[in-house]
């Protein structure tokens with residue numbers, strides 16, 4: 022007992038949203054977003070309550086507030102505020118008993134029942150004096166005047182009641198007036214605010230060494246620079262380069278992942294480090310650091326942000342192996358352990374020992390690699406296999422970087438069990454690779470997208486829907502050919518606001534290294550690959566059109582605004598993406614081999630349409646307009662012609 | 022960076038269950054219960070993990086541990102421990118990388134692939150040395166021997182591998198061996214362990230003043246004592262008495278809640294306090310404190326625990342009004358505010374001002390009232406309208422009491438919005454009144470029971486299914502008569518392990534004070550009521566039988582073991598209650614007016630039955646046996662005869 026009672030909460034605040042794992046992790050938003058806040062707030066008795074969200078942006082010393090509104094039966098309160106700067110925001114909820122509001126509400130009932138309210142008016146005056154004491158300026162003066170009017174026994178009761186019930190007084194008397202009565206939610210919750218491109222953007226992956234017209238001649242930043250305008254013109258935002266560092270020669274892999282390289286084989290860019298340097302060096306065949314800077318600047322001018330690969334592993338020739346053998350796993354015979362997944366061996370790679378004795382040295386060195394490239398204009402990193410390095414390391418290093426550079430984006434390339442993928446997103450990764458490539462049926466897509474958009478994941482997990490990667494050429498693309506590539510492009514670009522293509526996709530490259538493998542034949546991972554970007558049947562025009570539509574339609578720029586529509590034939594997927602003033606119905610034939618038809622259910626009520634009045638939809642892909650009527654509407658899609666519609670509701 | 026890295030978690034532990042609001046509130050269990058614990062536990066890479074729950078009981082200084090087992094794909098871990106003492110228990114989860122387990126698993130794969138494992142055996146020996154250093158006694162010796170055997174280059178590799186893979190070594194080498202590698206979940210969670218009767222018991226409510234044969238003669242503890250054997254014989258566990266304190270005379274209510282009492286009117290026991298004393302006094306017409314003590318002892322001998330009412334409000338004649346006017350709400354004219362819900366006035370009651378200046382004095386006084394009755398053998402309190410007093414007060418006072426007397430049970434009589442009712446249960450109430458009386462259709466019962474048994478509420482909200490109360494005579498009972506009383510008795514006693522009856526129920530008293538009211542005519546709240554317990558048609562025999570079945574069938578002693586069965590006619594409710602070796606199918610006709618028949622779906626697979634083989638069920642109410650076959654089985658229930666079955670599956 023004693024004074025501790027004074028600190029006890031007058032109001033209960035719980036069930037605050039958004040909130041991840043009791044505030045252990047932040048939720049994610051983009052610059053300019055509104056943050057919708059909810060909470061369960063209640064107290065004993067029949068008193069009214071007032072509540073607000075208090076929030077502040079990075080480096081703000083003072084808190085701002087926004088009032089919450091409520092739904093009585095549910096004891097649920099709602100409010101919002103905007104996050105207009107990059108970095109870490111904080112918010113929490115405060116509530117207090119609304120004494121004047123309660124008194125005023127009771128007064129109304131007493132007056133209506135014809136009761137004598139003279140004693141009550143004196144109580145009201147006391148409450149207004151209290152409010153005045155906590156107020157300043159004109160508000161204070163108004164409150165004092167009102168208090169005097171309520172207490173004025175000379176005036177008639179009707180006049181005093183009219184003053185007491187005036188709406189303006191409700192605002193003036195809004196609390197809290199007494200710190201002891203203010204209850205604050207027990208945790209301050211945080212929000213990471215990223216650049217808009219973290220939430221909406223199109224990625225393109227390119228091996229600069231392949232930007233050559235002769236496979237025997239290694240491409241360079243200079244040659245790659247020539248392709249920037251074409252990539253930008255297709256509407257991409259981020260240009261992701263696999264590792265650009267020196268490549269080891271010891272146990273170098275040959276073409277098609279051969280255990281032994283032939284002379285002239287260029288090796289895998291992920292076998293990082295050679296005599297020319299490690300993670301902070303540039304492969305001499307690609308150019309110099311100055312040429313890289315020039316490339317980044319040229320990309321920026323074209324409207325493309327360069328993303329680098331952050332792959333924390335070393336070839337046996339990496340400088341760290343000699344300088345810091347203690348950063349690796351040392352075997353009893355004093356050799357360094359190469360990568361293994363017994364009984365498989367990966368002798369061209371040494372994993373780092375993140376819990377070694379000099380972990381401070383190693384962790385700082387890893388962080389410094391990021392800082393080095395940030396200094397050279399890179400603000401986006403695609404992180405290779407983060408689930409094979411400690412989760413605690415990622416949480417630490419991402420915080421270290423974002424504290425100084427809140428504009429940096431980290432994409433997690435983890436393909437592992439669901440909870441590990443989610444954990445990486447929670448602890449700091451800005452975006453995440455997904456299972457999208459393996460979800461090809463309507464049922465799979467619906468289930469997975471529902472999880473991504475309707476569960477708590479939508480608060481922290483930003484899916485990046487790469488339609489292919491150098492490691493993943495799905496059987497669906499192998500077997501479905503060009504129509505399959507068109508289908509998956511349309512799905513990736515409309516289901517998710519962030520998506521990506523690995524170069525070669527536009528040429529529908531789909532020959533696996535062997536049947537049953539998801540690896541490419543003659544994979545660019547192990548060799549230079551020359552392509553004809555203008556080859557017949559290429560998808561550049563379609564990509565350009567779809568990226569343009571993404572930029573023009575707000576509904577395609579958000580994640581959680583997705584809902585699936587009934588389609589009577591389940592090989593045709595239908596979904597709605599909606600934003601204020603922008604309602605899209607996307608309908609896709611998932612079968613790359615055959616035309617199909619179906620009846621699609623349009624959610625008339627949600628769209629504000631009536632059963633009887635026809636409405637018009639415009640296919641943004643073809644320009645065709647259709648007049649539809651009622652909930653069931655006919656669609657026929659031929660994969661040799663239209664694989665899908667992006668129908669905009671014409672208002 | 023620096024040493025903080027050393028404290029970073031090697032393993033992620035999240036999604037720990039059971040846990041209420043991130044550990045803000047304890048979960049509830051009864052003495053002897055097993056606590057099933059689950060958690061998401063994972064780390065980077067492919068290392069194996071080991072995990073355990075650590076727990077301790079009240080006043081334990083050291084922690085006990087129990088291993089967790091896992092389901093790999095889900096990264097979900099499971100374990101359990103028992104709580105065998107009353108009071109507050111704590112638990113949390115610990116996990117660590119299982120180096121020897123990982124090494125051993127890899128060794129098996131290497132050996133199977135025919136690899137040279139001599140270097141690995143040396144690594145294994147180092148791991149065993151580390152384990153030995155952390156072990157003691159025989160285990161240490163065995164580990165040292167095994168380490169030596171693994172490292173013995175003289176021995177053949179096969180022998181060394183055999184030693185390394187021996188199962189016994191797995192147990193001996195079980196960690197953690199290194200405090201730096203031990204990750205502990207960030208919160209210690211708590212469990213309140215109550216007496217068994219908190220989770221399973223039958224309540225009976227009785228006004229002792231009505232234990233008289235002449236309404237003009239006030240009943241006493243002595244007269245009430247004579248009824249104890251009959252109540253005990255019906256199988257009740259708890260005998261709840263409305264307030265037994267002096268009753269105010271100022272603004273005393275008359276019979277049927279008349280605004281003005283007639284001479285001789287006894288008043289409402291909830292208008293507590295008179296010139297004879299307040300909450301710690303006994304109404305002189307009931308007897309003396311010594312007679313109360315005798316009554317409690319006699320009840321105890323009969324197997325009944327006496328529960329008192331804790332109603333924190335005062336009549337204008339309560340001693341506190343004079344001694345501590347500052348504990349009440351003082352109006353500007355220095356009068357004390359009576360209870361109101363404008364425009365309604367309750368002039369016979371003064372509410373307490375729990376946030377008054379001397380709140381320490383008031384709160385302590387309230388607590389001391391409880392301690393006073395605890396000293397007189399009372400261990401159960403039914404708390405009147407707790408939702409009209411501060412939630413913080415209840416959390417404080419319940420903790421104050423349970424710290425000293427962990428055997429005390431508090432039942433919350435709150436009928437208010439769902440979140441407020443749930444909050445009272447979370448913050449400490451042992452049991453709670455419910456909406457049960459207002460749930461009379463199958464759909465309502467299914468929805469409500471699903472919420473109570475399948476949501477998080479099952480962890481902290483123990484419903485006490487009173488079938489009636491002095492304030493609630495539901496229309497269903499008013500209109501349905503005796504069959505309705507039998508139906509609701511059967512439902513209350515089988516759907517919930519804790520249920521209660523207010524006296525008069527067994528006589529099917531169902532006349533409301535006026536049409537549309539849930540109040541009784543000639544309510545015992547305002548007058549002495551004489552009854553003939555042997556009146557024809559009384560339900561004492563049926564109550565006795567049902568309470569006996571509750572004691573004989575473990576399935577009726579738990580809450581969350583409920584599942585509803587399909588019934589083709591929805592006016593017949595069917596559900597299963599199951600415990601090991603005790604499978605019950607309860608089937609109830611909800612219509613008190615007409616017989617009905619239906620086909621009930623028996624969950625054959627869950628019961629281990631097959632479609633083709635007949636099985637026998639025994640109606641525990643009637644003794645009849647039926648041979649059933651397959652999933653669909655016929656039931657006919659006539660409310661004038663059988664209102665329901667409690668079918669036990671005969672094995």
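Chains as they are written, first to last, in my numbering: chain A, 22 to 672; chain B, 22 to 672. No residue lacks a Cβ here, since even glycine has one placed at the ideal position from N, Cα and C.
Is DSSP giving residue 452 of chain B helix, strand or coil here?
Strand.
Give a yes or no on whether the minimum CB-CB distance between residue 353 of chain A and chain B is below 7 Å.
By the rule that beta-carbons nearer than 7 Å mark a contact, residue 353 of chain A touches chain B.
Taking a contact to mean a Cβ-Cβ separation below 7 Å, would you say residue 559 of chain A touches residue 528 of chain A in this structure?
yes
Does the beta carbon of residue 410 of chain B come closer than 7 Å to any beta carbon on chain A?
Chain A contact via Cβ: present.
Residues of chain B with CB under 7 Å from residue 94 of chain A, in chain order?
For residue 94 of chain A, the neighbours in chain B by C-beta distance under 7 Å run, in chain order, 438.
Find the residues of chain B that neighbour residue 64 of chain A, judging by a C-beta separation of less than 9 Å, and give them in chain order.
411, 412 and 441
Taking contact to mean at least 3 C-beta pairs separated by less than 8 Å, is the stretch 210 to 218 of chain B in contact with the stretch 135 to 148 of chain B?
Contact between the stretch 210 to 218 of chain B and the stretch 135 to 148 of chain B is absent, with fewer than three C-beta pairs closer than 8 Å.
Going by DSSP, what residue range makes up the alpha helix (DSSP H) through residue 387 of chain A?
Where residue 387 of chain A is concerned, the enclosing alpha helix (DSSP H) stretches over 380 to 396.
Is the Cβ of residue 134 of chain A closer than 7 Å to any Cβ of chain B?
yes
Whole angstroms are fine: how far does the CA of residue 450 of chain A sit from the CA of residue 40 of chain A?
17 Å
Taking the DSSP output, what are the residues bridged to residue 433 of chain A?
A/404 and A/453
Assuming contact is defined by CB atoms lying nearer than 7 Å, are residue 294 of chain A and residue 330 of chain A in contact in what I supplied?
no
According to DSSP, residue 640 of chain B sits in a beta bridge with which residue or residues?
Residue pairing by DSSP puts residue 640 of chain B in a beta bridge opposite B/668.
In whole angstroms, give me the CA-to-CA distance for residue 314 of chain A and residue 398 of chain A.
Going by the C-alpha atoms only, they are around 7 Å apart.
Going along chain A, which residues have a C-beta under 8 Å from residue 131 of chain B?
From the beta-carbon of residue 131 of chain B, the residues of chain A found nearer than 8 Å are 363 and 364.
Closer than 7 Å, CB to CB, is residue 143 of chain A near chain B or not?
At least one chain B Cβ lies under 7 Å of residue 143 of chain A.
Where does the unbroken beta strand (DSSP E) through residue 287 of chain A begin, and where does it stop?
In this chain, residue 287 of chain A is not harboured by any beta strand (DSSP E), its DSSP state being neither H nor E.
Suppose you measure from the CA of residue 120 of chain A to the CA of residue 190 of chain A; what does that come to, to the nearest Å?
Linking residue 120 of chain A to residue 190 of chain A through their CA atoms gives a straight-line distance of about 13 Å.
Would a check of beta-carbon distances place residue 30 of chain B closer than 7 Å to chain A?
yes
Compute the Euclidean distance between the alpha carbons of residue 98 of chain B and residue 75 of chain B, then round it to the nearest angstrom.
14 Å
Taking residue 348 of chain A as the query, report the chain E residues whose CB atoms sit under 9 Å from its CB, ordered along the chain.
In the structure shown, chain E does not exist; the protein chains are A and B.
Using a Cβ-Cβ distance under 7 Å, would residue 444 of chain B count as near chain A?
Cβ-Cβ to chain A under 7 Å: yes for residue 444 of chain B.
Leaving aside the five residues before and after residue 622 of chain A along the sequence, list all residues of the same chain whose C-beta is less than 7 Å from its C-beta, in chain order.
Taken in chain order, the residues that qualify are 586, 587, 652 and 653.
Should residue 182 of chain B be flagged as near chain A, meaning a C-beta pair shorter than 7 Å?
Answer no: the Cβ-Cβ gap between residue 182 of chain B and chain A never drops below 7 Å.
Near residue 124 of chain A, what residues of its chain come up, given a Cβ to Cβ distance below 7 Å and the 5 sequence neighbours on each side ignored?
144, 145 and 148
Name the chain B residues whose beta carbon is nearer than 7 Å to that of residue 35 of chain A?
42
Are the C-beta of residue 22 of chain A and some C-beta of chain B separated by less than 7 Å?
Legend: pLDDT at residue 22 of chain A = 35, less than 50; position of this residue unreliable, value from coordinates given subsequently. So, interface residue.
Nearest CA to the CA of residue 367 of chain B: which residue from B/291, B/506 and B/261?
B/291
What is the DSSP secondary structure of residue 573 of chain B, counted as helix, strand or coil?
helix
Report yes or no: is there a C-beta of chain B within less than 7 Å of the C-beta of residue 140 of chain A?
yes
Check whether the Cβ atoms of residue 658 of chain B and residue 610 of chain B sit closer than 7 Å, and answer yes or no.
yes
So, is the C-beta of residue 19 of chain A closer than 7 Å to a C-beta in chain B?
With chain A covering 22 to 672 only, the question about residue 19 of chain A has no answer from this structure.
Tell me where the alpha helix (DSSP H) around residue 425 of chain B begins and ends.
412 to 425
For a test of the three-state rule: what should DSSP assign to residue 194 of chain B, helix, strand or coil?
coil
What are the boundary residues of the beta strand (DSSP E) that includes residue 92 of chain B?
90 to 92
Grab me the residues of residue 3 of chain B's own chain with a C-beta within less than 6 Å of its C-beta, minus the 5 sequence neighbours each way, in chain order.
The question about residue 3 of chain B has no answer here: the residues shown for chain B are numbered 22 through 672.
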